[in-house]
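J.: I'd like to ask some things about the structure below.
Protein chains in written order, with our numbering: chain A, 1 to 301; chain B, 1001 to 1687.
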């Protein structure tokens, strides 16, 4: 752990996240025992149920007191506690390269990478398993979930090597990620969600039906909300060849209404599917933002 | 068909500037930054239609600005519509000379419009109606005829432009000179248009209109403009001394058919006075003011009436130099202490004491004691039969009298013939001495300087000796007193700019009882008064060159300033005791100052010609047409030429430029406000 040195992971700043934990809303289905409640019966301390003995059961689980009273063999069952599987999906399409025209901030991809690194650290710190998928038009890079600290290094390397380019097809990519998952867990998607379509929401539904806990981190640059403060500009399509001359002052209100409607639509879709939606501005401190998200999540908001 | 032509076609080169707004737009257009913008599609949706609107706004703004520049360029080129093609060719080219009365009387306002403006508008209309190829000249009638262009010109627009910018003068009109000038310009063919008020006082000398040329007379008024004017203002005496009463007499003229009362106001030096005069119809009345200057110096002022239809002749300017005292030199060889001598009586009569002779500085000299300094500075010479006078003294006295000094020559003694001063054109010649034991009486002559009551005082006086003479009939007017034999006893006559008094009366008690009587000092002082009644008013009028005499003092250059404080170029003609300056024709009436080293050393006044105040028009029927010339009197305001006229387009262009400018500013303001509203700060979106 002492070897963790990466521009995307500021451990000193992450002291603000010392007291927060990522808790799944449902049961954990991790491979290993962990701190999270699961559907499995195991050897934990919390009694769950009785079951009649069948050959092959561990005789250490037979409740001898019940046998003495009833002359029948019953096993005493306990809830097993498993670790949590967290899948990080980071959008690395061309639109994530935006870092502002007047208000300069880190690019959206870098901001997403910092969030992913911080989240990954928290996950691994709890002994949970962490997987990472970098997506654009397709599943670009995939790290299967693992709980070792070495996974953190792999995740950081993968994030560090990512460059924002290409088009986006989040729906298709999430379908591919879904095929790569073996057990349910927490799905966190970090993207600007500019090209969300019906297929994307179907993919989200796919995860939700599999009882995944889905969290969408909506990364935006402040200038995407309010338009850059320039008199006139030639706006280029990030993931295409389109261009358009406009005077932001002349269209700011209309644009703002349109962008608000887009954010509201994404938020409404998330709420309808029981997903968590967080709007992250690249001008905000990622760790403070993450802390607020977790606190809100724990408070049931 | 009308087609635009241009007064200043060179200004059309400015049409290249029409592209200036486009160039400025292209040079200053926003060079957009290239921004890769992820929410591109939302921006495109927001701008749907907006970009087209912006482009449309830009195009509209550019069109308005280009039109504005176009209108301004055309405005400076001064376009006008003139007939071309068939319309122009239907009328033959013409040669016309427009004579505009620009004299003072054309300042008169009738029914709210100045007469000159009326004449100007009608003359401009004639110019506009001329067919293409016509030649024209515009001549202003003033003291001297003044042509706007030196010869007939085809450049009618330029002529028109000069005409509409012109102003009337303060000069008197000389229509005969203007008509002659017009005739000379036309050189035998063409038409003379005359626009004037046809003042009788100016036009009466014009007996006949130019011959061989058609004349069209357009009176701008048919009746006299009601007017009151001060036509003269004189001071008696003209060169007063301190403490001496000065009478200022103004002649007020009523140019209207009804009697009127006017208030005459005097502002001269420290004095401000007002008096009222009653004026008969088309008659004059005098208004008199009496003032006494307390100190010597040069004073200027004016007498004025309340403004009326012709306010330019309501003011008359005055300038007066007030001297300290009148220098009288008494030349006599008799003993002043001898009560039996003429010198005794003369000196006591002239100045019994300093208090009894205010304003007189008496200096007594014997004939052989006269020096040049005394002679060159004296205002009045009294020659009481001195025994001898040098030729040089006689020459100086004669020259000084010609320059304005006064001479009283007492012919009582053997030197009398020498004191006749033939160079001063005396009214009689001495023929011989007449003696009478009982004494002869004198009677009043033709000229009256004494009142009727004073005449009786002379009836008791007897004169036992005199020089016989016979004044010619044409000089009878110079005689004040005469003997029964027809000899002149006392004459006063002008001599150069001064006066000459010949006293053919004995000045000793043995010659008669005249000098011992109380009427002797009275006669002497009355003579001095009469000698100084040279109240001739300055006759300098605008439009005529004039000369100005300035007392020479100091070495500094003389500067002449007009009433507006502008420097007037003056040329020194002669310098001596006085410096004579030649000045160009004065443009405006008023007080002209001569300065030397920032001090005013002299003042002179220029007043308008009183003839201009009489606005009564001439009956045009009395004007005889010249040989082989047709005269038309155009009494109505109908157009002189019914053909197509030249129409100035600049007022329309000026209006268009103003509208375009207003439109450009309005559009900018509207679009800026809408853009400001569109750029309002957005509301925050909660996560």
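Yeah, the Cβ is synthetic: ideal placement off N, Cα and C, and Gly gets one too.
#1: With a threshold of 9 Å between beta carbons, is residue 1066 (chain B) in contact with chain A?
#2: What separation, rounded to the nearest whole angstrom, lies between the Cα atoms of residue 1289 (chain B) and residue 1623 (chain B)?
#3: Where does the unbroken beta strand (DSSP E) through residue 1236 (chain B) begin, and where does it stop?
#4: Could you please give me the residues that DSSP links to residue 141 (chain A) through a beta bridge?
#5: Starting from the Cα of residue 183 (chain A), find the closest Cα among A:112, A:158, A:211 and give me that residue.
#6: Output yes or no for whether 9 Å exceeds the beta carbon distance between residue 282 (chain A) and residue 219 (chain A).
#7: Residues in the stretch 1045-1070 of chain B with C-beta within 8 Å of chain A's C-beta atoms, listed in sequence order?
#8: Taking the runs of the beta strand (DSSP E) that are 3 residues or longer, which of them lie wholly in the stretch 1602-1639 of chain B?
#9: Touch check for the stretch 1605-1625 of chain B and the stretch 1039-1056 of chain B: three-plus C-beta pairs under 8 Å?
#10: Please classify residue 1059 (chain B) as buried or exposed, where buried requires at least 16 neighbouring CB atoms within 10 angstroms.
#11: So which residues on chain B does residue 258 (chain A) lean against when the C-beta distance must stay under 8 Å?
#12: In its own chain, which residues sit with a C-beta less than 6 Å from the C-beta of residue 1546 (chain B), not counting the 5 before and 5 after it?
#13: Rounded C-beta distance between residue 195 (chain A) and residue 170 (chain A)? I'm assuming under 8 Å.
#14: Alpha carbons only, please: which of B:1156, B:1241, B:1399 is nearest the one belonging to residue 1372 (chain B)?
#15: Please confirm whether residue 1 (chain A) has its beta-carbon closer than 9 Å to some beta-carbon of chain B.
#16: My output table needs one value for residue 1295 (chain B): the three-state DSSP class, helix, strand or coil.
#17: Is residue 1701 (chain B) helix, strand or coil by DSSP?
#18: In chain order, what residues of the same chain lie with their CB nearer than 7 Å to the CB of residue 140 (chain A), ignoring the 5 residues before and after it?
#19: Run through DSSP, which three-state label would residue 1025 (chain B) get?
#20: With a CB to CB cut of under 6 Å and the five nearest residues on each side skipped, what residues in its chain are close to residue 1434 (chain B)?
#21: Determine which residues share a DSSP beta bridge with residue 1498 (chain B) and list them.
#22: Does residue 221 (chain A) come out as helix, strand or coil in the three-state DSSP assignment?
#23: Considering only their Cβ atoms, is the gap separating residue 1101 (chain B) from residue 1725 (chain B) smaller than 9 Å?
#24: When DSSP labels each residue in this structure, what does residue 1217 (chain B) get in the three-state scheme?
#25: Cβ closer than 7 Å: which chain E residues qualify as neighbours of residue 1032 (chain B)?
#26: Given that residue 1024 (chain B) touches chain A, what residues does it touch there, using C-beta distances under 9 Å?
#27: By the three-class DSSP mapping on this structure, what secondary structure does residue 1555 (chain B) have?
#28: Does the distance from the CB of residue 1242 (chain B) to the CB of residue 1322 (chain B) come in under 9 Å?
#29: Please give the ranges of any beta strand (DSSP E) in the stretch 159-222 of chain A, keeping only runs that are unbroken, at least 3 residues long and fully inside the region.
#30: With distances taken between CB atoms, is the gap from residue 1374 (chain B) to residue 1329 (chain B) smaller than 9 Å?
#31: Tell me where the alpha helix (DSSP H) around residue 1076 (chain B) begins and ends.
#32: Hey, residue 95 (chain A) and residue 192 (chain A) are a contact pair by Cβ (cut 8 Å); roughly how many whole angstroms apart?
#33: Examine chain A for any beta-carbon lying closer than 9 Å to the beta-carbon of residue 1036 (chain B), and answer yes or no.
#34: From which residue to which residue does the beta strand (DSSP E) around residue 262 (chain A) run?
#35: Residue 382 (chain A) by DSSP, collapsed to three states: which one?
T.: For this structure:
#1: no
#2: 42 Å
#3: 1227-1236
#4: A:134
#5: A:211
#6: yes
#7: 1045, 1046, 1047, 1050, 1051, 1054
#8: 1631-1633
#9: no
#10: exposed
#11: 1042, 1045, 1046
#12: 1540, 1583
#13: 7 Å
#14: B:1399
#15: Note that residue 1 (chain A) scores 47 on pLDDT, short of 50, meaning its location in the model is unreliable; the coordinates nonetheless yield the value given after this. Closer than 9 Å: no.
#16: coil
#17: Given that chain B is displayed from residue 1001 to residue 1687, the structure contains no residue 1701 (chain B) and the question cannot be resolved.
#18: 92, 134
#19: helix
#20: 1466, 1468
#21: B:1495
#22: coil
#23: Outside the shown range of chain B (1001 to 1687) lies residue 1725 (chain B), about which nothing can therefore be said.
#24: strand
#25: Absent from the structure: chain E. Protein chains present are A and B.
#26: Per Cβ cutoff of 9 Å: no residues; residue 1024 (chain B) is ~17 Å from chain A at best.
#27: coil
#28: yes
#29: 186-191, 213-220
#30: yes
#31: 1050-1077
#32: 5 Å
#33: yes
#34: Careful: residue 262 (chain A) lies outside any beta strand (DSSP E), inside the alpha helix (DSSP H) at 248-272.
#35: The structure shown does not extend to residue 382 (chain A), since chain A is modelled only from 1 through 301, so no value can be given for it.
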